[in-house]
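Heads up, the thing below is written out as structure tokens.
Residue numbers (mature numbering (1 follows the signal peptide of the UniProt record, and there is no 0)): -26 to -1, 1 to 554.
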């Protein structure tokens, strides 16, 4: 009954925990199913992914039909993209902190946009209103911006793009900052954005399309670089980035909120110059470039590079492999060990996702530490608030002298039940032990086999009356071939017990089975292959027998009658002690 009560209490505890977990999920637990290690790894990685905006400054030079060459923008420019004597255009991509000191891995074309036709067409479009205004002022009345674009595309007007400079800025995501109050990027606080101040290493899009850059962030979250050689076909990877199609509004909060997508490895390819690529299928878009592809452990195994649009339903995309980046990190001597914030963040999320007793209080303490030390990491607020609610109803195990107490003893009821169960088991063990000892005194102990392969001998000392089995046990020597056993004073006093029945004796002496006194064996090897050697029996003989008063014939040195057990009519010699 006590055990039944224990199981009932345990079942109730399990059901209550299940109910709490179900309620937590129903309320919308921040981070989702973080008990899944892969989901948790992505949640931990997200604050380390950044958006990178590269601004290109350029001028447009046009050769007019008259042969005149004119550079735009001019002082009279009305274009909103005109910045001083240049037009400005931005390219957006993604990147990943790979150290706690502002070192960022991205695709090279994110910070160094290729000078291709798409770039030229963009600046032609930006400059077209200014060019149309100039033509209208110089005799070509009625020329529109659309006319200028068409003439530049067709070659009627010859244009050229001159890039004067590029500037890249790194923006923290809302997975770090939390929702932002700023209504435009001009209003963003300085801690959210930092310019790229160093390009440590880069390889063009025609080669490895990677770059390691630096911005003046300190003690940031970051992601470890994994081994891309372990990636195989059909592996599932996760990319984190900022796809342009996800920019449904131009508010900073929207623009700096990352997207997570699952992709599948289709193949491992190699370019003509020997660069290894990971071919993937899935939702990879413009703006994801430079973002990380994570394996199931949450480490970076790929960097989003480029895609091929087949014009059909699906696109083929390619990742640069992380092992090239690992080589660069080693060459540059970058310290990629987890920093203080990353350690706290890891510990907090692991406690948050745990099911151990007291994990909500532990997680809350860690989130509070982050809030105190890193006040800009406001994205923890939703986790912190949820954890605080759970901790308010969590029963914390009591401790004794700072020693952890098992969860089973967390309440007086379970403690009392546990003590009762232990007492019952102890009493049961005592009763069983008593019964075993009592029954052992009543029954004969069976001989155990001799480890060396020799037989184990059992006999009676001085042959007590039949039915009283006070045993003497000892190792019996194994006679060697041709060796006679020495006579013993106990030759007539030990009877075989449990031996197979023998034929009716032809004489009284034939009824006596001889056993030797135990002597430690030296000559027989302790081997499992050793076979027992039958003990030699002395030849039966009726010579020297005398008739005792009981009417039976016995040998002169016998102390008891071999038939009825009557003592010898004369005084027996002093007994010899047998060593056991």
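Glycine is no exception: its CB is placed at the ideal position from the N, C-alpha and C atoms.
Please read all numbers here as calculations on a predicted model, not as lab measurements.
Using a 10 Å radius around the Cβ and a threshold of 16 neighbouring Cβ atoms, would you call residue i buried or exposed?
| i | result |
| --- | --- |
| residue 190 | exposed |
| residue 399 | exposed |
| residue 60 | buried |
| residue 20 | buried |
| residue 521 | exposed |
| residue 336 | buried |
| residue 52 | exposed |
| residue 47 | buried |
| residue 222 | exposed |
| residue 306 | exposed |
| residue 176 | buried |
| residue 247 | exposed |
| residue 329 | exposed |
| residue -4 | Here the model assigns residue -4 a pLDDT of 42, short of 50, so the residue's position is not dependable and the matter cannot be decided. |
What does a CB cutoff of less than 6 Å around residue i pick up in its chain, not counting 5 residues either side in sequence?
| i | result |
| --- | --- |
| residue 333 | 325 |
| residue 37 | 43, 132 |
With a Cβ-Cβ cutoff of 7 Å, do residue i and residue j count as a contact?
| i | j | result |
| --- | --- | --- |
| residue 63 | residue 26 | no |
| residue 331 | residue 371 | yes |
| residue 183 | residue 32 | no |
| residue 237 | residue 213 | yes |
| residue 97 | residue 13 | no |
| residue 261 | residue 218 | yes |
| residue 293 | residue 281 | no |
| residue 74 | residue 200 | no |
| residue 134 | residue 119 | no |
| residue 226 | residue 146 | no |
| residue 152 | residue 352 | yes |
Just the Cα atoms here: how many angstroms apart are residue i and residue j?
| i | j | result |
| --- | --- | --- |
| residue 485 | residue 536 | Residue placement at residue 485 is flagged as unreliable, the pLDDT there being 37, under the threshold of 50; the coordinate-derived value follows with that caveat. Computed Cα separation, rounded: 8 Å. |
| residue 397 | residue 409 | 19 Å |
| residue 258 | residue 209 | 16 Å |
| residue 103 | residue 136 | 18 Å |
| residue 215 | residue 235 | 9 Å |
| residue 158 | residue 29 | 17 Å |
| residue 470 | residue 539 | Residue placement at residue 470 is flagged as unreliable, the pLDDT there being 34, under the threshold of 50; a coordinate-derived value is accordingly withheld. |
| residue 113 | residue 41 | 14 Å |
| residue 149 | residue 228 | 12 Å |
| residue 121 | residue 101 | 12 Å |
| residue 84 | residue 230 | 16 Å |
| residue 242 | residue 167 | 36 Å |
| residue 170 | residue 125 | 38 Å |
| residue 127 | residue 250 | 37 Å |
| residue 308 | residue 77 | 8 Å |
| residue 530 | residue 519 | 7 Å |
In terms of residue numbering, what span does the alpha helix (DSSP H) encompassing residue i cover?
| i | result |
| --- | --- |
| residue 97 | 91 to 111 |
| residue 11 | 11 to 19 |
| residue 243 | Run containing residue 243: none in the alpha helix (DSSP H); it sits in the beta strand (DSSP E), 233 to 244. |
| residue 317 | 314 to 327 |
| residue 128 | 119 to 128 |
| residue 339 | 333 to 347 |
| residue 365 | 355 to 366 |
Where do the ends of the beta strand (DSSP E) carrying residue i lie?
| i | result |
| --- | --- |
| residue 170 | 167 to 177 |
| residue 184 | 184 to 189 |
| residue 291 | 289 to 295 |
| residue 210 | 210 to 215 |
| residue 29 | 23 to 37 |
| residue 65 | 60 to 71 |
| residue 253 | 250 to 256 |
| residue 137 | 132 to 145 |
Within a Cβ cutoff of 8 Å, which residues of the same chain sit near residue i, ignoring the five residues on either side of it in sequence?
| i | result |
| --- | --- |
| residue 240 | 207, 253, 254, 255, 290 |
| residue 8 | 14, 17, 323, 326, 327 |
| residue 274 | 70, 72, 79, 197, 198, 199, 200, 266, 267, 268, 296, 299 |
| residue 163 | 156 |
Got a sec? Which residues, its chain only, sit under 7 Å from residue i by beta carbon, not counting five neighbours each side?
| i | result |
| --- | --- |
| residue 220 | 233 |
| residue 6 | 13 |
| residue 321 | 340 |
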